[in-house]
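Novice: Handing you this structure, nothing more for now.
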Amino acid sequence: MNVKRTLKGWVTVLAVAVGLTTLHALPALGQSPPAEPPENWGPVSINLEDVDYPHPVSYVEFTLYGEDVRMAFMDVQPAGEPNGQSVALLHGGNYFAKAWEGTIEALRDAGFRVVAIDQIGYGRSSKPIIPYSLDMHAANTLRVLDHLNIERAAMVGHSFGGMKASRFALAYPDRTSHVALVNAIGLADTRAGRGWNEPRPAEGRSYEAARNTIRGHVLEWDDAYLEYVRIHYGWGLSGEWPRLAMVRALNGDVMRTSTVVYDWPQIEAPALVVGGEEDGPRFPELARNAAEAFPNGQVVLFPGVGHNPHWEAPELLHEALIDFLRTQSTAR
Numbered sequence: 002m003n004v005k006r007t008l009k010g011w012v013t014v015l016a017v018a019v020g021l022t023t024l025h026a027l028p029a030l031g032q033s034p035p036a037e038p039p040e041n042w043g044p045v046s047i048n049l050e051d052v053d054y055p056h057p058v059s060y061v062e063f064t065l066y067g068e069d070v071r072m073a074f075m076d077v078q079p080a081g082e083p084n085g086q087s088v089a090l091l092h093g094g095n096y097f098a099k100a101w102e103g104t105i106e107a108l109r110d111a112g113f114r115v116v117a118i119d120q121i122g123y124g125r126s127s128k129p130i131i132p133y134s135l136d137m138h139a140a141n142t143l144r145v146l147d148h149l150n151i152e153r154a155a156m157v158g159h160s161f162g163g164m165k166a167s168r169f170a171l172a173y174p175d176r177t178s179h180v181a182l183v184n185a186i187g188l189a190d191t192r193a194g195r196g197w198n199e200p201r202p203a204e205g206r207s208y209e210a211a212r213n214t215i216r217g218h219v220l221e222w223d224d225a226y227l228e229y230v231r232i233h234y235g236w237g238l239s240g241e242w243p244r245l246a247m248v249r250a251l252n253g254d255v256m257r258t259s260t261v262v263y264d265w266p267q268i269e270a271p272a273l274v275v276g277g278e279e280d281g282p283r284f285p286e287l288a289r290n291a292a293e294a295f296p297n298g299q300v301v302l303f304p305g306v307g308h309n310p311h312w313e314a315p316e317l318l319h320e321a322l323i324d325f326l327r328t329q330s331t332a333r
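Going by my numbering, the sequence shown opens with residue 2, and the numbers climb by one from there.
Here you go:
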C-alpha cells in the first residue's frame, strides 16, 4: 500500500465531508526531480520501442492521407468476473497509453475490458506529418474498436484526451456507452481573439522543459514520475526529434483552434467531468459548467489534487470512475 497516497486520500475525503472547498496537498517531503539529468540518461526512441508497457501491445494498420500508419493499443481483458463492459482510455497530449497503467489495473479488476490506445502521433503509434484534427482522432479510435469487434465502449479521456472523448461521443453516439473527462482541457471556448499561427516545432527538448512539463502536472512529487521526465528528455536527444516535434506542434494547434463545448449538449450518453481541483484557478468552475452542459452530466472534484489524478489520487479517481461506469447507459 502507498501510505502517503492513502493518507492523502482520507484527508481529501474528510475535507469533502466537512464542506471545505480548498485543501493543499500534503508536504512533498523534500522530494523533487533532480536539478540536472542523471548521467546515464540517453536518447529515447520517439516510438518508445525502448520503453516497457504494462501489457502486450497490438496494432491496427490503415492509411491516412496516403500514408501507411499503424496504431498501437493494449487490449486488456478483465482479471475477474467480466461485467460485459468495455472502456477506451485516451491519453493526454504529453502522454501515451502507458500513463494509464494504474487505471488499467483498477478497471480490469472491477470486471471491465480495457483498451488503452496510443493515438496516431503518440507513443508506439506512427508519427505522420499530416493535418491532425479531433475528428481524425475520433475516427482512428473507432478503427481500433472495429478491429476488436467492440460494439460500444465508454470513452475516458485525460487532458487533451478529454476533447477526443467528447468528439468521439458526438460523432459516434451508437458506439458510446459513457464519456468521462479527467482533468480535460478545452472546457471553455477560448478561440476569440486568438488568430492562427503556423505550427512551429520546438528546435530541441531541454531537460528543464521536460522536467517542468511533468512537475507542473502534479502538486506532490513522487519519484515514480521520473520515468516520464526521462522519456521527454530522451526524445530531445533522439535523431528523430524533429519529426516528433512537428507532430507535437500540429496537435498543439488542434488544441488551440478546436472546441468541444458545443458538442456536449448533443451527447446523450452519461457524462462525468472529474478531476483534481488544483488544476488552475478556473478549473472547478469550468468543470461544473461543463457537467451542466451535458444532458446527463455530473461532476466530481478532488481537493488538493492537480492535473493528473490517476497518479496523485488513484484510489479516489478509480472509485469515482467505476461507480460512474456501473450506471446504466440509455444512449443509443
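Where a beta carbon is used, it is the ideal one built from N, C-alpha and C, also for glycine.
With distances taken Cα to Cα, identify the nearest neighbour of ARG71 among LEU49, ALA166, GLY281 and GLN120.
Specialist: Of LEU49, ALA166, GLY281 and GLN120, the residue nearest in Cα terms is GLN120.
Novice: What do you get for SER33, buried or exposed, if any count of 16 or more other CB atoms within 10 angstroms of its CB means buried?
Specialist: Exposed, by the Cβ-count rule.
Novice: Report the CB separation of GLU313 from GLY277 in whole angstroms; it is logged as a contact under 8 Å.
Specialist: Yes, GLU313 and GLY277 are in contact; Cβ-Cβ is about 7 Å, under 8 Å.
Novice: So, for TYR208: in the same chain, excluding its five sequence neighbours on each side, which residues have a beta-carbon less than 6 Å away from its beta-carbon?
Specialist: Only PRO38 and TYR234 meet the Cβ criterion.
Novice: Roughly how many angstroms separate the alpha carbons of GLY31 and PRO174, rounded to a whole number?
Specialist: Here GLY31 scores only 39 on pLDDT, less than 50, and its place in the model is too uncertain to base an answer on.
Novice: With H, G and I counted as helix, E and B as strand and the rest as coil, what does DSSP make of PHE329?
Specialist: With the sequence shown as reference, residue 329 is identified as Gln, and Phe is not the correct amino acid for it. In this structure, GLN329 counts as coil in the three-state DSSP scheme.
Novice: Out of ILE323, GLY94, ALA98 and HIS148, state which residue places its alpha-carbon closest to the alpha-carbon of PRO57.
Specialist: Selected option, being the one with the closest Cα: ALA98.
Novice: Comparing alpha-carbon positions, which option in ARG231, THR64, GLN329 and PRO132 lies nearest ASP254?
Specialist: Closest option to ASP254, Cα to Cα, is PRO132.
Novice: When you compare only the Cα positions, how much space is there between VAL52 and PRO310?
Specialist: Their backbone Cα atoms lie some 23 Å apart in a straight line.
Novice: For TYR234, report the span of its alpha helix (DSSP H) as first-last.
Specialist: Note, TYR234: alpha helix (DSSP H), 227–238.
Novice: Roughly how many whole angstroms lie between the Cα atoms of GLY162 and PRO83?
Specialist: Going by the C-alpha atoms only, they are around 26 Å apart.
Novice: Residue ranges of each alpha helix (DSSP H) run of no fewer than 4 residues wholly in the segment 156–186, ordered along the chain?
Specialist: Listed in chain order, they are 161–172.
Novice: Runs of 4 residues minimum, wholly inside the segment 62–144: which ones carry the alpha helix (DSSP H) assignment?
Specialist: If we require 4 residues or more, the alpha helix (DSSP H) runs fully inside the segment 62–144 come out as 102–110.
Novice: Return the Cβ separation of LEU182 and VAL274 in integer angstroms, given the expectation that the two are a contact with Cβ distance under 8 Å.
Specialist: Indeed they touch by this definition, with Cβ atoms about 5 Å apart.
Novice: What three-state label does DSSP hand VAL261 in the structure shown?
Specialist: Correct three-state label for VAL261: coil.
Novice: Quick check on this structure: which residue in GLU40, ILE118, SER46 and TRP265 has the alpha carbon closest to the alpha carbon of ALA246?
Specialist: Comparing Cα-Cα distances from ALA246 to each of GLU40, ILE118, SER46 and TRP265, the minimum goes to SER46.
Novice: Taking the C-alpha atoms as reference points, what is the distance between SER167 and VAL219?
Specialist: Approximately 24 Å, taken between the alpha carbons.
Novice: With distances taken between CB atoms, is the gap from LEU135 to LYS165 smaller than 8 Å?
Specialist: Yes, the pair counts as a contact, with Cβ atoms nearer than the cut-off.
Novice: So for TYR208, helix, strand or coil by DSSP?
Specialist: Helix.
Novice: Could you tell me whether the Cβ atoms of LEU149 and ASP223 are closer together than 8 Å?
Specialist: Not a contact, by the Cβ cut-off of 8 Å.
Novice: Helix or strand or just coil, what does DSSP make of PRO57?
Specialist: Coil at PRO57, not helix or strand.
Novice: Compare the beta carbon distance of SER126 and ALA73 with 8 Å and say whether it is the shorter of the two.
Specialist: Yes; because the gap between Cβ atoms is below 8 Å, this pair is in contact.
Novice: Does DSSP put VAL275 in a helix, in a strand, or in coil?
Specialist: Note: VAL275 maps to strand in three-state DSSP.
Novice: What's the C-alpha gap between PRO315 and ILE105?
Specialist: PRO315 and ILE105: Cα-Cα distance of roughly 11 Å.
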